[in-house]
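Its first residue numbered 0, the sequence shown is counted upward by one per residue in numbering that gives the first Met the number 0.
Here a beta-carbon is modelled for each residue, glycine too, at the ideal position from N, C-alpha and C.
In this text the structure is predicted, and so the values were computed from the model without any measurement.
This report refers to the structure that appears directly beneath it.
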Amino acid sequence: MSEPSRTREVPPHRFLFVVPPLVGHVNPTLGVAAELTARGHQVAWAGMPEVVQRLTGQGATVYRCAGPVLGEGGADRPPDVRGPAALKFLWERFLVPLAEAMAPGVARAIGEFRPDVVIADQQTVAGGLVAERLGVRWATSATTSAEFTGALDGMPKIDAWLDGLMAEVRGRIGDPEGTADPRFSPDLVLAFTTEELAGRPARAGDRIHYVGPSIAERPATADFPWAWLDPARPAVLVTLGTANTDAGARFLTECLEAVRARAGRFQTVIVDPDGVLARATPDVRNTPATLDVRNAPAAPDDKDVLVCRYVPQLTLLKRVNAVVCHAGHNTVCETLWHGVPLVVAPIRDDQPVVAAQVVDAGAGIRVRFGRVRAAALGEALDAVLDEPRYRAAAERVSASFRTAGGATAAAAHLERLATASAVTHVERPATGTAATHTTTNPGGER
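Spelled out as C-alpha cells, the structure:
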C-alpha cells in the first residue's frame, strides 16, 4: 500500500469530482477526496448538492448541476424492465439526459474552480466530454467493473449502439473532433475493485488501475438500536440498495418468510426505505419489528427480525455474518471488504455481471430475484453462514482489496496525473474563486 504523499514534496493541486445523483457512485469518491485533502490539495464536486452534501457533509464545495434523478419523472423506470431493455432505458432516459443537463454546470465548475484534474464518474459522461472540450486532463471513476470486463462481448449490437450514443452526445456537449470514449479516460481509469473479484479487463486495460474499494467514514444519517443485536447469535443484513426498492416487495417478503422460519438461529436486519414490506405483509405493519430509525431508535420486542428504513451500512457490516443483496457493486465491495459472504439476487443493469463475479470468486450464492422462494433463500443463507468455504473466499477478496490501497492508491494516481498535467500547461494565474466558494454555486442553473 502506498504511503500518503503528504510526506513527499508534491505541490498542491485542485481536483473536481463530477458525480451523478446516485449514492453508490458518490460514496467511493468520499475516501479519495478525504485523502487528497489530507495531502494538502483542494477538492470540489460538480453535481446535485441535495445528494452530494448529504454524503459529504455540509462543508463540501459543490457546484450545482441540473439533471434528472433516477426514479423520478421521465426517469421512472418500470420494475419489470430488465436485461438489454433496462440498459437502453438507463442510457436513453436517464444517463444521456443527465449528461446534457449537467454539461453547463460542469463547464461553469471548471471555469470557476480551475481544476488540474477532473475525476468523472464512468456514467456521468458530461465530466469527460466537457473536460476534453475545455482542454483539462480527466480521469474516470469506475464504480462498477462491468463495462471493461467484456460484459457486452456477447451483445455486439448493444455495444455498437452504445458507441454510437456516445458519439451523438459528444456532438451535442463535447468536442466534435474528440476521440476518447467518455466512459474510459485516455489517461487514467480508477477501478474500485480488484482482479480477484472482477477478473482481467477486456478493454481499456492499459489505463485501468485496480485500487480496491474506497472506504471512508460517512456523516451519520441514521440512528440504530445497537443493543438489539445479540453478540451470541449470527446476524444477517438484507438490502436492495437505494434505487431498487420499487421492485422489491415480493423479494423482501420472501426474505422475511425465510428468516422467520429460522427464528432463534440468527438475527436479521431488513432495509426497507419505502415501506414496501409494511404494505405487502400485514403482520409487519405497525409492529415493533418495523422501525424507522430516524424517528424511533428504541429497540423493539422482536428479537429475530428488525425492519428499518435506513441503516448505517458500513458500521453494520462489521457486525453481520452474511448479506443478502441485489449485487450492486458498491454494496458487494463494501461487504467483501469486511470479509462477509453474500447471497446475491441481481435485478438489472450491471448487477448480473457483479453477481457472476461474486459466484466465480466463491464468495457467495446467486439466486433469481424474480422467482426465488423463501425455501431456496433460506437454503442459500444456511450455506453461506454454515459452510466455511464462502467465508474463506470472502476473506481472500477482502485481503486483495486492502492490499490494493483504496483511497490512498487512488489519490497517488491522481497526484501523478495532476503533476503530468502541470508540466504540459502554462501555469494558470492565481484565483480566489474556489477559496471563497464553500457550499453550492450561488448562481444556480441559468
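Worksheet item: In three-state terms, what does DSSP make of GLN350?
Response: In the displayed model, GLN350 falls within a helix according to three-state DSSP.
Worksheet entry | Coil, strand or helix - GLN121 by DSSP | Looking at GLN121 - three-state DSSP - the assignment turns out to be coil, as it is neither helix nor strand.
Fill in: Straight-line Cα distance separating ALA166 from THR286
Note on THR286: pLDDT 43, under 50, position unreliable in the model; the coordinate value appears next. Taking the straight line joining both Cα atoms gives about 53 Å.
Worksheet item: Hey, quick one: how far does the alpha helix (DSSP H) through ARG107 stretch, first residue to last?
Response: Counted as a single uninterrupted DSSP element, the alpha helix (DSSP H) harbouring ARG107 occupies residues 95-112.
Practice prompt. Alpha carbon to alpha carbon, how far is ARG318 from ASP162? Give it in angstroms, no decimals.
Written response: ASP162 and ARG318 have their C-alpha atoms some 43 Å from each other.
Discussion item. In the DSSP assignment, the alpha helix (DSSP H) including LEU239 goes from what residue to what residue?
Written reply: No alpha helix (DSSP H) contains LEU239, which DSSP labels as neither H nor E.
Discussion item. To the nearest angstrom, how far is the alpha carbon of MET101 from that of TYR389?
Written reply: If I take the Cα positions, the gap works out to 42 Å.
Discussion item. Which of the three DSSP states is assigned to TYR389 in this structure?
Written reply: DSSP places TYR389 in helix when its eight states are reduced to three.
Discussion item. Which residues does DSSP list as the beta-bridge partners of VAL323?
Written reply: The partner list for VAL323 (beta bridge, DSSP) reads VAL237 and VAL342.
Worksheet item: Are the stretch 368-378 and the stretch 340-355 in contact at 8 Å, needing three or more beta carbon pairs?
Response: Taking 8 Å as the limit for Cβ pairs, the verdict is that the stretch 340-355 does touch the stretch 368-378.
Discussion item. Measuring straight from C-alpha to C-alpha, what distance separates ALA231 and ARG395?
Written reply: Each residue's Cα considered, the two are about 25 Å apart.
Worksheet item: Excluding sequence positions up to five away, which residues of its chain have a Cβ less than 6 Å from the Cβ of LEU133?
Response: So the list reads ILE109, once near-sequence residues are dropped.
Worksheet entry | Contacting residues, own chain, Cβ-Cβ under 6 Å from LEU239 (five flanking each side not counted) | These residues qualify, in order along the chain: GLY247 and HIS325.
Item to complete: Quick one: give me the first and last residue of the beta strand (DSSP E) that VAL25 is part of.
Response: Taken as a continuous stretch (DSSP letters only), VAL25 belongs to no beta strand (DSSP E), being part of the alpha helix (DSSP H) at 22-37.
Worksheet item: Are the CB atoms of LEU255 and VAL323 nearer to each other than 8 Å?
Response: The Cβ atoms of LEU255 and VAL323 do not sit closer than 8 Å to each other.
Worksheet item: Ends of the beta strand (DSSP E) at VAL306?
Response: Membership of VAL306 in the beta strand (DSSP E) is indicated by the continuous run 304-307.
Worksheet item: Three or more C-beta pairs closer than 8 Å, one from the stretch 175-183 and one from the stretch 395-411: is that the case here?
Response: In short, these stretches do not touch, since the Cβ pair count stays below three.
Fill in: Which listed residue (VAL357, PHE16, GLY263 and GLN266) has its alpha carbon closest to that of ALA130
Nearest of VAL357, PHE16, GLY263 and GLN266 to ALA130, Cα basis: PHE16.
Worksheet item: Could you give the residue range of the beta strand (DSSP E) that holds GLY163?
Response: That residue, GLY163, is in no beta strand (DSSP E); its alpha helix (DSSP H) goes 155-172.
Worksheet entry | Test item: CB-CB of ALA138 and LEU384 under 8 Å | For ALA138 and LEU384, no; Cβs fall outside 8 Å.
Worksheet item: beta strand (DSSP E) containing PHE14: first to last residue?
Response: Looking at the DSSP string, the run of the beta strand (DSSP E) that includes PHE14 is 13-17.
Item to complete: Check each candidate in ARG415, ALA408, THR267 and ALA419 and name the one with the smallest Cα separation from THR193.
Response: Put simply, of ARG415, ALA408, THR267 and ALA419 the residue whose alpha carbon is nearest the alpha carbon of THR193 is ALA408.
Worksheet item: Leaving out five residues before and five after GLN121 in sequence, what residues of the same chain have Cβ atoms less than 6 Å from its Cβ?
Response: Result list for GLN121: THR139, ALA141 and ARG182, in chain order.
Worksheet item: What are the boundary residues of the alpha helix (DSSP H) that includes VAL50?
Response: For VAL50, the enclosing alpha helix (DSSP H) covers residues 48-55.
Discussion item. Taking 8 Å as the threshold (C-beta atoms), are VAL339 and ALA355 in contact?
Written reply: The beta carbons of ALA355 and VAL339 sit no closer together than 8 Å.
Worksheet item: Where does SER140 fall in DSSP's three states?
Response: Correct three-state label for SER140: strand.
Worksheet item: Going by other Cβ atoms of all chains shown within 10 Å of its Cβ, with 16 needed for buried, is THR36 buried or exposed?
Response: If you draw a 10 Å sphere on the C-beta of THR36, you find fewer than 16 other C-beta atoms in it, and that means exposed.
Worksheet item: Using CA coordinates, which residue listed in ASP186, SER144 and ASP273 is at the minimum distance from GLU195?
Response: Answer by Cα proximity: SER144.
Item to complete: Name the residue from GLU378, GLY377, VAL342 and ALA374 whose alpha carbon lies nearest to the alpha carbon of GLY363.
Response: Minimum Cα distance to GLY363 is reached at VAL342.
Worksheet item: Can you tell me the Cα-Cα spacing of GLU91 and GLY58, whole angstroms?
Response: Each residue's CA atom was taken as its position, placing GLU91 and GLY58 some 34 Å apart.
Worksheet item: GLY56: buried (16+ other C-beta within 10 angstroms of its C-beta) or exposed?
Response: Of the residues assessed, GLY56 falls on the exposed side of the cut-off, its CB having fewer than 16 other CB atoms within 10 angstroms.
Worksheet item: Roughly how many angstroms lie between the CA atoms of ALA125 and VAL105, to the nearest whole one?
Response: Rounded to whole angstroms, ALA125 to VAL105 spans 7 Å at the Cα level.
Item to complete: Look up LEU187 in the DSSP assignment and say whether it is helix, strand or coil.
Response: Look at LEU187 here: in three-state DSSP terms it is coil, with no helix or strand label.
Discussion item. Applying the 10 Å Cβ sphere with the 16-neighbour rule, what's the burial state of ASP271?
Written reply: ASP271 comes out buried.
Worksheet entry | Exposed unless 16 or more other CB atoms sit within 10 angstroms - verdict on GLU378 | Exposed, because fewer than 16 other Cβ atoms sit within 10 Å of the Cβ of GLU378.
Practice prompt. Mark PRO212 as exposed unless 16 or more other C-beta atoms lie within 10 angstroms of its C-beta, in which case mark it buried.
Written response: Counting Cβ neighbours within 10 Å, PRO212 comes out buried, since at least 16 surround it.
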